[in-house]
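Data block below; observations after.
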Ligand SMILES: [Zn+2]
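Numbering (our numbering), first residue to last: 1395 to 1699.
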């Protein structure tokens, strides 16, 4: 087993068979052993001194939010306790929360690499789900209001003539290390700093396999033809709800034509150059890649090794 990537170490038993048991849910929402992860405008409550960790709160601390109809999600069971995420964006001043000893609300992307794999996984699940609820207050079929059900895992339209059920979405994104012999293809997004390169990537479109998506994106962005595609590793990416699908792709051609609407540059790099970029050793190449939080980094590392 590979060491989990950031956001990929979620360890809850999601216990989906319990989500529609309303009596069980009401009991667990009030149970003193239940743990709650408060999110304020998608920032997570973190206990900062020493090693940062999620500032899980007890049922009493979040009761007023639940009673006021705040969005909550049943994350799952761990250590014999039910864990929930709750949207507390109704707090007037997040720096002065209603409970005196609360930690600080911190941006999920910046804090996740410092948390345990399980807690970073909880943040990925909580952030994607709360964000989905915030964006889906109305039915996509008839425009009527919707409400959360199944402990937060779907929303139902309140129009009795419609009653459409809506489910949280996950958007697949292929990210690929394109290789040819001892070289690999990296690109520079048009908004990247001029010394920063990464793997090519793009959304898989409806009606496409992962392999087709990889071949299309690489061809569109660089005009390189790709043959074999091999799956390597995936990563939940909760900004807002992507699933990054990391692949190795074998190039069948070498001459690059960059699509200037998507990339500032794309070129071939040797293994030694990529090794230097991963170490952020700007001296060796003058160039760099994203840090270990990025799946591109893990793909490049696997290829170099
Ligand atoms: Zn409807």
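The C-beta atom is built at its ideal place from N, Cα and C for all residues, glycine as well.
Asked                                                                                                                                                                            : Found
Specify, as a first and last residue, the run of the alpha helix (DSSP H) that residue 1418 falls within.                                                                        : 1416–1424
Start and end of the beta strand (DSSP E) containing residue 1431?                                                                                                               : 1429–1434
By the three-class DSSP mapping on this structure, what secondary structure does residue 1611 have?                                                                              : helix
How big is the Cα-Cα spacing for residue 1701 and residue 1457?                                                                                                                  : With the chain running from 1395 to 1699 in the structure shown, residue 1701 is simply not present.
Just how far apart, CA to CA, sit residue 1406 and residue 1568?                                                                                                                 : 26 Å
For ligand 1, any of its heavy atoms closer than 6 Å to the Cβ of residue 1535?                                                                                                  : yes
Looking at the structure shown, is residue 1460 part of a helix, part of a strand, or coil, going by DSSP?                                                                       : helix
Excluding the 5 residues preceding and the 5 following residue 1409 in the sequence, name in chain order all residues of the same chain whose CB lies nearer than 7 Å to its CB. : 1470, 1471
At the level of alpha carbons, what is the spacing between residue 1609 and residue 1620?                                                                                        : 5 Å
Quick check on the DSSP output: the alpha helix (DSSP H) that includes residue 1705 runs from which residue to which?                                                            : A question about residue 1705 goes unanswered here, because the residues of the chain that appear run from 1395 up to 1699.
Need the endpoints of the beta strand (DSSP E) that residue 1582 sits in, please.                                                                                                : 1577–1583
Please state the DSSP three-state secondary structure of residue 1637.                                                                                                           : strand
Just to confirm before moving on: does the CB-CB distance between residue 1401 and residue 1629 stay below 7 Å?                                                                  : yes
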